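Numbering (my numbering), first residue to last: 110 to 463.
All residues carry an ideal CB built from backbone N, CA and C; glycine is no exception.
This structure is a prediction, so every number in the text was calculated from the model and none was measured.
Beneath this line is the structure, given in structure tokens, with notes to follow.
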């Protein structure tokens with residue numbers, strides 16, 4: 110069945126709107142009264158409508174009433190435009206380029222073929238980068254476009270591939286979804302109340318439903334359940350007072366995340382298992398080569414940016430200082446990306462399907 114574009118995102122926003130107003134009325138707090146026009150604008154605000162960030166009504170509706178020409182207009186336009194450009198660069202220069210080498214390998218497995226050891230690890234790494242830069246790139250573009258119109262949207266990514274635990278990962282990845290799951294599922298389930306086993310149960314159920322949010326398929330159920338189990342075990346580990354060196358924690362976390370992305374990508378258990386086998390050379394121990402300098406550059410630059418670079422949303426919104434050289438570089442980069450887009454290298458954003 111074909112569903113409207115981005116249906117889950119504006120459904121979540123309407124759920125949060127209704128629940129927040131109900132909770133305020135139940136607790137005897139002042140209930141915000143919004144006109145129908147403001148409500149429609151809230152649920153259909155186009156910059157973040159189809160792939161987030163997931164925005165709460167009290168974050169955005171008050172901004173609808175502000176004068177768009179208020180002081181700071183030039184800075185909002187400049188920072189918003191720069192963030193939009195960075196997001197476009199993530200999509201065009203890294204995500205789509207990484208997909209050019211990763212997608213054919215995944216498609217081969219989905220069609221019944223196999224990968225050798227080198228191909229399996231390259232495909233895993235390519236999708237590892239593609240998903241992050243595709244999704245965070247859209248978030249950058251949405252936040253940047255919103256700021257150009259005078260609206261400040263919540264940050265959605267904070268260097269998730271530097272997380273040293275799975276709990277830390279979910280505090281950094283798709284932050285507005287994690288916030289939604291925490292406030293509207295985890296806490297109503299009981300949150301941190303009760304013993305550690307109850308907390309583990311609450312984490313598991315929350316992430317299980319988070320998996321279902323991505324799609325009504327068993328692959329997403331297993332994906333969400335695996336993350337729920339990992340988050341629960343992480344909580345138990347901390348409850349027992351156990352510690353792990355940061356580097357080892359990062360390796361374990363990224364290994365788990367990369368493994369889970371395989372199922373997320375294939376949506377097929379047999380194909381996922383085949384790639385896991387290929388990781389250990391069970392379908393051949395051969396290597397692979399990257400003949401395209403563009404693809405090699407994208408994979409290297411993407412790794413550096415993901416593992417060691419600044420967080421684009423925080424850096425551009427809070428730290429970047431105005432400079433004519435920054436403006437010149439941005440203009441040249443925009444021209445280059447327009448040429449790439451015109452050359453047909455672009456593809457649809459992954460999270461549009463959700």
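Three-state secondary structure (DSSP) of residue i
{"i": "residue 106", "result": "Since the first residue of the chain shown is 110 and the last is 463, residue 106 is not available in this structure."}
{"i": "residue 220", "result": "coil"}
{"i": "residue 354", "result": "coil"}
{"i": "residue 300", "result": "coil"}
{"i": "residue 368", "result": "helix"}
{"i": "residue 171", "result": "helix"}
{"i": "residue 260", "result": "coil"}
{"i": "residue 178", "result": "coil"}
{"i": "residue 191", "result": "helix"}
Burial state of residue i, where buried means 16 or more other Cβ atoms lie within 10 Å
{"i": "residue 200", "result": "buried"}
{"i": "residue 216", "result": "exposed"}
{"i": "residue 352", "result": "exposed"}
{"i": "residue 146", "result": "exposed"}
{"i": "residue 336", "result": "buried"}
{"i": "residue 279", "result": "buried"}
{"i": "residue 401", "result": "exposed"}
{"i": "residue 432", "result": "exposed"}
{"i": "residue 463", "result": "Caution is warranted here: a pLDDT of 49 is assigned to residue 463, below 50, making its placement in the model unreliable, and no coordinate value can be reported."}
N- and C-terminal bounds of the alpha helix (DSSP H) containing residue i
{"i": "residue 320", "result": "305-323"}
{"i": "residue 336", "result": "327-348"}
{"i": "residue 201", "result": "Looking at the DSSP string, residue 201 is not in any alpha helix (DSSP H), and its letter there is neither H nor E."}
Option in the options with minimal Cα separation from residue i
{"i": "residue 204", "options": "125, 243, 325, 262", "result": "243"}
{"i": "residue 398", "options": "220, 211, 183", "result": "211"}
{"i": "residue 253", "options": "421, 342, 407", "result": "421"}
{"i": "residue 282", "options": "297, 406, 248", "result": "248"}
{"i": "residue 144", "options": "285, 437, 170", "result": "170"}
{"i": "residue 411", "options": "238, 401, 128, 375", "result": "238"}
{"i": "residue 227", "options": "387, 409, 440", "result": "387"}
{"i": "residue 362", "options": "275, 427, 409", "result": "275"}
{"i": "residue 206", "options": "177, 295, 240", "result": "240"}
{"i": "residue 318", "options": "154, 303, 286", "result": "286"}
{"i": "residue 233", "options": "133, 409, 384, 345", "result": "384"}
Below-9 angstroms beta-carbon distance, residue i vs any chain B residue
{"i": "residue 280", "result": "Absent from the structure is chain B; it holds one protein chain and no more."}
Practice problem: Would you list, in sequence order, the uninterrupted alpha helix (DSSP H) runs of no fewer than 4 residues that lie entirely inside the region 129-169? | Solution: 145-152
Self-check item: Any alpha helix (DSSP H) of 4 or more consecutive residues that is wholly inside the region 381-432
Solution: Annotation note: the region 381-432 contains the following uninterrupted alpha helix (DSSP H) runs of length 4 or greater, listed N- to C-terminal: 402-417.
Quiz prompt | Secondary structure, alpha helix (DSSP H): runs of 4+ residues fully inside the region 209-258 | solution = Restricting attention to alpha helix (DSSP H) runs no shorter than 4 residues, the region 209-258 encloses them at 226-257, ordered along the chain.
Exercise. Pick out the complete beta strand (DSSP E) segments inside the region 262-291, 3 residues or longer, and give them in chain order.
Key: none
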